[in-house]
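Residue numbers (the working numbering), protein chains in the order written: chain R, 4 to 256; chain U, 452 to 719.
First up is the structure itself, then whatever we jot down about it.
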Amino acid sequence: MQIGRAIATFGHESRCLALVLGRAARGLPGAPRGSVIGQLGTLALSALPLVGIAALFAGMVIALQTSVQLARLGSGHLVADVVSVSLVRELAPIFTALLMAGKAGAGLASELGMVVLSGQAQAMRALSIDIDRELIAPRVFAVIAGTVLLTMAAILLGLLGGMLLGAAQVGISPVHYLNRAIDALAPIDFAVGLIKSLGFGIIIASLGCSWGLKAKTDASELGRHTMNAVVLASFVVLVSDHIMTSLIEASLG
Amino acid sequence: MMGGSHNSIAAYQVVDLRWQVAPNFALEIESLSLPLGQTTLLLGPSASGKSTLLRLLGRVEGSYFPDASPRPLSGKILLRTGRETEPVDVLALSERELLNRKIRGVRVGVVFQREGLFVDRSVLQNVAWPLLSHGADPSQAQARALELLDEVELAPERAVATLSGGERKRLALARALGPRPPVLLLDEPFTGLDPRSLDELLSLTERLIAQSDGALTVVIVTHQRQDIERLGDHVVILRDGSLAVAGPRASMQAQLSAFIAGEEVLGA
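What follows is the structure in structure tokens.
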């Protein structure tokens, strides 16, 4: 009985996510440009300092850890290769997504949740204001585009962090480090990282909007729904990372 | 009190309506007509289904997502917004059709007890935004919004957060009237106001109805004595999700008195 209920709930939640994405796609062409740009700033670009600093330090930590291990094997010169590939393919997309799940996912769920809780969503429906066009499409687009853009920034800053650490602690010159990194990276590595960040953006946007738009009776439900949006988005990002990596590896190599 | 000019025509005709709202509550109305161009009071004790019916009339009963467990709904609600127009079965329309055909807002305005004002917009924008969203020219939308705000005596540049309870209600009314809907549904619009604000709002509503000269059909859900005494050409009383009694106000004095006194309302 409980398994049946769980399957029904999963089916309903999946339908809600699909509805959010479908309606956002339909609403996007008519969405107010000012709102799209504003949401890109509010939900995504405002996270740039956070993501940037985190990426810089992540690049340094990876370089430090990797250099120690590689030095034991007598392959210290490979630090730039390992750091750059792991950053581009895996680490930058995943930690950008996790930070976005916390910031943008929570922002979407709480802001839209307040719109629902305060009766504004109902008033919009009663006034024939297209909620998909006015509210959902700009936010979904901003989170997806923002996750991809922030991942690109995280890659650059992560590489910079690795380069700084390499110069300061391992004694690799910045020029040599950059040359090794560029040689190690292929276009496919960037494609893998950015495709994954696109997928993560879709997950964060749909879960944030979906939990935000659910009917609520009181403020405690708003908090619970916001928490669910963040926890689920983080969880699904991590699980889907493995699935996407396997699929991309199988199809693109 | 307004006597409408379209007495024989129904703005709404409810036919064989049945909605299983909850496992232990269903709204069941076999037949009900609400006259065009008149003000109908929709009365009943708590949990009698009056707000539920009003939400169905305005098709604002759902939420953004479909119900996880669908609540069976059957019957017809035929809406006619003018003497010459053909009735539309609003229950048969999907969310997208309701939006595309501009049934809500443009043909049927709704004011909720919880106003749902757009808090991040000014008073002026609250009224103008729906008009702009329907494709109105910005200067026309602003002119219409200013006209309505003048009518309800609100300063256009004020922030929503600074409005008092009565002012919030007035703004919600102005916002609903923006697209000039021929039908206006009011769900307990005057609840929770101090006596002076209540008197001002009732006077405003009376004035707006009088100015419409029978072109505005109003349905008000209420249980406040003052609303009942001052508004309404037609009365509908619900009980336990069913129609108890309905008719012109003149023929419903005994039932109205009984309702105000909190007594059991008997059928006509």
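Where is the CB? At the ideal position from N, CA and C, for every residue including glycine.
Taking the alpha helix (DSSP H) that A141 (chain R) falls in, what are its first and last residues? Translated into the one-based positions of the first sequence, residue 141 (chain R) becomes position 138. Correcting the residue identity first, residue 141 (chain R) is Pro in this sequence and not Ala. Membership of P141 (chain R) in the alpha helix (DSSP H) is indicated by the continuous run 140-168.
With 16 as the cutoff for other CB atoms within 10 Å, does F13 (chain R) come out buried or exposed? Your numbering for residue 13 (chain R) matches position 10 in the first sequence. Burial call: exposed.
Between which two residues does the beta strand (DSSP E) harbouring D638 (chain U) extend? By 1-based counting over the second sequence, the position of residue 638 (chain U) is 187. Here the beta strand (DSSP E) through D638 (chain U) covers 634-638.
Report yes if the CB atom of V562 (chain U) is closer than 8 Å to the CB atom of P632 (chain U), and no otherwise. Translated into positions along the second sequence, residue 562 (chain U) becomes position 111. Translated into positions along the second sequence, residue 632 (chain U) becomes position 181. Inclusion of V562 (chain U) and P632 (chain U) in the CB contact set at 8 Å is not warranted, their separation being larger than that value.
For V472 (chain U), collect the residues of the same chain with a Cβ closer than 7 Å to its Cβ; drop the 5 residues on either side in sequence, then sort them by chain order. Residue mapping note: residue 472 (chain U) aligns to position 21 of the second sequence, counting from 1. Excluding residues up to 5 positions away in sequence, L478, T503, R522 lie with their Cβ nearer than 7 Å to the Cβ of V472 (chain U) in the same chain.
Could you give the distance in angstroms between the alpha-carbon of V143 (chain R) and the alpha-carbon of A208 (chain R)? Start at 1 with the first residue of the first sequence, and residue 143 (chain R) comes out as number 140. Start at 1 with the first residue of the first sequence, and residue 208 (chain R) comes out as number 205. So the alpha carbons of these two residues sit roughly 5 Å apart.
Does R565 (chain U) have its Cβ less than 8 Å from a Cβ in chain R? As a first step, residue 565 (chain U) is located in the second sequence; it is residue number 114 there, counting from the start. Chain R contact via Cβ: present.
The stretch 663-672 of chain U / the stretch 481-490 of chain U touching (three or more Cβ pairs under 8 Å): Yes, they touch.
CB-CB length for V634 (chain U) against T532 (chain U), believed under 8 Å: The count along the second sequence starts at 1 and reaches residue 634 (chain U) at position 183. The count along the second sequence starts at 1 and reaches residue 532 (chain U) at position 81. The pair is a contact, with the Cβ atoms about 6 Å apart (cut-off 8 Å).
For D638 (chain U), count the other beta carbons within 10 Å of its own beta carbon; 16 or more makes it buried, fewer makes it exposed. Which is it? Sequence index remark: in the second sequence, residue 638 (chain U) carries index 187 (1-based). So D638 (chain U) counts as buried.
Of all the CB atoms in chain U, is at least one closer than 8 Å to the CB of I206 (chain R)? Here the question's residue 206 (chain R) lines up with position 203 in the first sequence. Not one beta carbon of chain U lies nearer than 8 Å to the beta carbon of I206 (chain R).
Interface residues of the stretch 544-555 of chain U facing chain R [CB-CB below 8 Å]: Listed in chain order, the positions of the stretch 544-555 of chain U with a beta carbon within less than 8 Å of a beta carbon of chain R are L549, L550, K553, I554, R555.
Quick one, which residues of the stretch 498-521 of chain U are near chain R if we go by CB-CB under 7 Å, in chain order? Correct list: G509, V511, S514, Y515, F516, A519.
Return yes when at least one heavy atom of the ligand PLP lies under 7 Å from the C-beta of T491 (chain U), else no. Looking for the ligand PLP in the displayed structure turns up nothing, as the structure carries no ligands at all.
Using a Cβ-Cβ distance under 8 Å, would G454 (chain U) count as near chain R? Here residue 454 (chain U) is taken as the residue at index 3 of the second sequence, counted from 1. Confidence at G454 (chain U) is low in this model, with a pLDDT of 37, below 50, so its placement is unreliable and the value that follows should be read with caution. For G454 (chain U), the closest Cβ of chain R is not nearer than 8 Å.
Whole-angstrom C-beta distance between V173 (chain R) and V82 (chain R), which should lie under 8 Å: Position 79 of the first sequence holds residue 82 (chain R). Position 170 of the first sequence holds residue 173 (chain R). Yes, V82 (chain R) and V173 (chain R) are in contact; Cβ-Cβ is about 6 Å, under 8 Å.
Where does Q42 (chain R) land, buried or exposed, given buried means 16+ other C-beta within 10 angstroms? The residue given as residue 42 (chain R) occupies position 39 in the first sequence. Using a 10 angstroms sphere on the CB of Q42 (chain R), the tally of other CB atoms reaches 16 or more, which defines it as buried.
Quick one: any contact between the stretch 577-589 of chain U and the stretch 158-170 of chain R, if contact means 3 or more CB pairs under 8 Å? Inter-segment contact for the stretch 577-589 of chain U and the stretch 158-170 of chain R is absent: fewer than three beta-carbon pairs are separated by less than 8 Å.
Enumerate in chain order the residues of its own chain whose CB-to-CB distance from A112 (chain R) is below 7 Å, with the five nearest sequence positions on each side excluded. Here residue 112 (chain R) refers to the residue found at position 109 when the first sequence is read from its first residue. Same-chain partners within the cutoff: G211, W214, G215, H228, T229, A232.
Between the C-alpha atoms of P538 (chain U) and A11 (chain R), what's the straight-line distance to the nearest angstrom? Position 87 of the second sequence, counted from the start, is the residue given in the question as residue 538 (chain U). Position 8 of the first sequence, counted from the start, is the residue given in the question as residue 11 (chain R). Cα atoms of P538 (chain U) and A11 (chain R): separation of roughly 38 Å, rounded to the nearest angstrom.
Label S456 (chain U) either buried or exposed according to how many other C-beta atoms from any shown protein chain fall within 10 Å of its C-beta, with 16 as the threshold for buried. The residue you call residue 456 (chain U) lines up with position 5 of the second sequence. Low per-residue confidence applies at S456 (chain U): pLDDT is 42, beneath 50, and the placement is therefore not dependable, though the value from the model is reported in the following sentence. Burial call: exposed.
Any C-beta of chain U under 8 Å from that of A124 (chain R): Start at 1 with the first residue of the first sequence, and residue 124 (chain R) comes out as number 121. Between A124 (chain R) and chain U, the shortest Cβ-Cβ separation is below 8 Å.
Alpha carbons only, please: which of R:D244, R:A218, R:V54, R:V91 is nearest the one belonging to L102 (chain R)? Looking up residue 102 (chain R) in the first sequence gives position 99. When each option's Cα is compared against that of L102 (chain R), the closest is R:V54.
Spatial neighbours of M452 (chain U) within its chain, please: CB distance less than 8 Å, with the 5 preceding and 5 following residues excluded, ordered by chain position. By one-based count along the second sequence, residue 452 (chain U) stands at place 1. Confidence at M452 (chain U) is low in this model, with a pLDDT of 37, below 50, so the placement of that residue is unreliable and no value is reported for it.
Helix, strand or coil for H674 (chain U) per DSSP? Translated into the one-based positions of the second sequence, residue 674 (chain U) becomes position 223. Coil.
Assuming contact is defined by CB atoms lying nearer than 8 Å, are G105 (chain R) and V151 (chain R) in contact in what I supplied? Sequence index remark: in the first sequence, residue 105 (chain R) carries index 102 (1-based). Sequence index remark: in the first sequence, residue 151 (chain R) carries index 148 (1-based). Result no, Cβ atoms of G105 (chain R) and V151 (chain R) do not sit closer than 8 Å.
Going by beta-carbon coordinates alone, are D244 (chain R) and V91 (chain R) separated by less than 8 Å? Counted from its first residue, the first sequence places residue 244 (chain R) at position 241. Counted from its first residue, the first sequence places residue 91 (chain R) at position 88. It is not a contact, given that the beta carbons lie outside the stated cut-off.
Enclosing beta strand (DSSP E) for H685 (chain U) [first to last residue]: Working through the second sequence from its first residue, we reach residue 685 (chain U) at position 234. 685-690 is the span of the beta strand (DSSP E), which, as asked, contains H685 (chain U).
Determine the contact status of G196 (chain R) and P96 (chain R), defining contact as a CB-CB distance below 8 Å. The residue labelled residue 196 (chain R) in the question sits at position 193 within the first sequence. The residue labelled residue 96 (chain R) in the question sits at position 93 within the first sequence. Contact flag set, yes.
Do you know whose CA, among U:S459, U:Q464, U:I480, lies nearest V696 (chain U)'s CA? As a first step, residue 696 (chain U) is located in the second sequence; it is residue number 245 there, counting from the start. Nearest C-alpha to V696 (chain U): U:I480.
Taking the alpha helix (DSSP H) that P521 (chain U) falls in, what are its first and last residues? In the second sequence, residue 521 (chain U) corresponds to position 70, counting from 1. Counting along the chain, no alpha helix (DSSP H) covers P521 (chain U), and no H or E run does either.
Would you identify the three-state DSSP class for F476 (chain U), choosing helix, strand or coil? Counting from one through the second sequence, the residue named residue 476 (chain U) turns up at place 25. Strand at F476 (chain U).
Just curious, the beta strand (DSSP E) that S419 (chain U) is in, first and last residue? Nothing in the structure corresponds to residue 419 (chain U), since chain U is present only between 452 and 719.
Relative to the C-alpha of W470 (chain U), which candidate in U:L659, U:L597, U:K527 has its C-alpha closest? Taking the second sequence and counting its residues from 1, one reaches residue 470 (chain U) at position 19. Closest by alpha carbon: U:K527.
Helix, strand or coil for E481 (chain U)? Go by DSSP, reduced to three states. Counting from one through the second sequence, the residue named residue 481 (chain U) turns up at place 30. E481 (chain U) falls in the strand class under three-state DSSP.
I want to see whether chain U comes within less than 8 Å of K199 (chain R), judged by CB atoms only; does it? Here the question's residue 199 (chain R) lines up with position 196 in the first sequence. For K199 (chain R), no CB of chain U lies under 8 Å from its own CB, so it is not counted at the interface with that chain.
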